[in-house]
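Residue numbers (our numbering): 58 to 303.
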C-alpha cells in the first residue's frame, strides 16, 4: 500500500478507525500508514474477529478496517456481529482476496466498503469518508467486478427440488451439477470465478454430506436428484479413479 500526504480535513473531525488483521507485520504496517493519512485517527488494533468485537464494544470506533481470513472468528462473521450489535460502527474490508466467494459474503454480512491491500492511502481515506457519509467504499477494481458479476447472465436453472438434498448448499449443488457435466476442477473454478482450492473444498464438503466416494458416484447422484440433466446419448461416466482430481 502507498501513503498519502498528511494533514487534517478542515472543519471535520478525524474518523476513529480500528484495524483488525491477524498478521502482526501487516497490521503494524497498516497502522503506521493510517497515522500518516489526513482525517484518520487509529484508536486500536487486533488480530482476529473476537478481538474486533471486544475492541468495538470498548472503543466504539467509527470504522473497522477488517481482514477476512483470520483464526477464531473470520472477517465475515465478525462483520455480521458488529453490524448487528453496534450499528454505529461501519466495516470496510481490507484484504488480499477479491474473488466472488470472498466479496459477496462480506457485503452480505454488512460491510459497506471493500478494498484490496494494494489500495493507496488516498483510496483508504476516500473509502472511510464514503461509508461515514452513507455511501459505499469500494475500490475501482471491486466496482468493476460487481458490474461484471451483475452483467453475467444467470445460468439456466436445472429442474430439481426446491432445496438441494442432504443439506447441500446451493453452491455445492451447483458444483456437483458441473461435475456431472464432465467439468474438471479447473474448469469448474473458471466457470464459477473462484479458485481451484475453493472448488476442492466444496467437493470435499459435499462428499462428506452425501457419503459419495468418487466422481462417478457424484454424477449418478446429480442425475438422480435432478441437479444435472442426463445426456441424451450414452456416454462413458468418469472412472472411480477420478477421485484423484479432488
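Even for Gly, the Cβ is constructed at its ideal location relative to N, Cα and C.
Being a predicted model, the structure only gives us computed values, none of them experimental.
Assuming residue i contacts residue j under a Cβ cut-off of 8 Å, what Cβ separation, rounded to an integer in Å, is found between them?
{"i": "residue 120", "j": "residue 102", "result": "Not quite, the Cβ-Cβ distance comes to about 13 Å (not below 8 Å), so this is no contact."}
{"i": "residue 140", "j": "residue 148", "result": "7 Å"}
{"i": "residue 159", "j": "residue 125", "result": "6 Å"}
{"i": "residue 145", "j": "residue 117", "result": "7 Å"}
{"i": "residue 79", "j": "residue 127", "result": "4 Å"}
{"i": "residue 194", "j": "residue 224", "result": "About 36 Å; that fails the 8 Å criterion."}
Taking C-alpha atoms, which residue in the options lies nearest to residue i?
{"i": "residue 168", "options": "132, 276 and 94", "result": "132"}
{"i": "residue 76", "options": "152, 70 and 142", "result": "152"}
{"i": "residue 97", "options": "178, 171 and 192", "result": "178"}
{"i": "residue 90", "options": "176, 134, 165 and 144", "result": "176"}
{"i": "residue 238", "options": "283, 199 and 267", "result": "283"}
{"i": "residue 236", "options": "278, 202 and 110", "result": "278"}
{"i": "residue 143", "options": "114, 166, 128 and 130", "result": "114"}
{"i": "residue 161", "options": "182, 174, 134 and 186", "result": "134"}
{"i": "residue 204", "options": "157, 253, 256 and 81", "result": "157"}
{"i": "residue 82", "options": "273, 100, 104 and 262", "result": "104"}
{"i": "residue 173", "options": "79, 248, 137 and 197", "result": "197"}
{"i": "residue 273", "options": "234, 138 and 100", "result": "234"}
{"i": "residue 72", "options": "242, 258 and 188", "result": "188"}
Where does residue i fall in DSSP's three states?
{"i": "residue 41", "result": "Summary: the structure shown does not reach residue 41, with the chain confined to residues 58 through 303, and so no result is reported for it."}
{"i": "residue 123", "result": "strand"}
{"i": "residue 91", "result": "helix"}
{"i": "residue 155", "result": "coil"}
{"i": "residue 96", "result": "coil"}
{"i": "residue 129", "result": "coil"}
{"i": "residue 200", "result": "helix"}
{"i": "residue 72", "result": "strand"}
{"i": "residue 147", "result": "strand"}
Is it buried or exposed for residue i, if we count other Cβ within 10 angstroms and need 16 for buried?
{"i": "residue 163", "result": "buried"}
{"i": "residue 192", "result": "exposed"}
{"i": "residue 218", "result": "Below a pLDDT of 50, predicted positions are generally treated as unreliable, and residue 218, at 49, falls in that range; the measurement from the model is reported next regardless. Its Cβ having fewer than 16 others within 10 Å, residue 218 is exposed."}
{"i": "residue 184", "result": "buried"}
{"i": "residue 180", "result": "buried"}
{"i": "residue 106", "result": "buried"}
{"i": "residue 229", "result": "buried"}
{"i": "residue 93", "result": "exposed"}
{"i": "residue 47", "result": "With the chain running from 58 to 303 in the structure shown, residue 47 is simply not present."}
{"i": "residue 67", "result": "With a pLDDT of 46 at residue 67, under the threshold of 50, the predicted position of this residue should be treated as unreliable, and no value is reported."}
{"i": "residue 221", "result": "buried"}
Review point. Where are the alpha helix (DSSP H) runs, 4 residues long or more, that stay fully inside the segment 202-287, in chain order?
Key: 227-237, 242-249, 253-267 and 272-281
Point to revise | alpha helix (DSSP H) runs wholly inside the segment 159-202, at least 4 long, in chain order | key: 178-189
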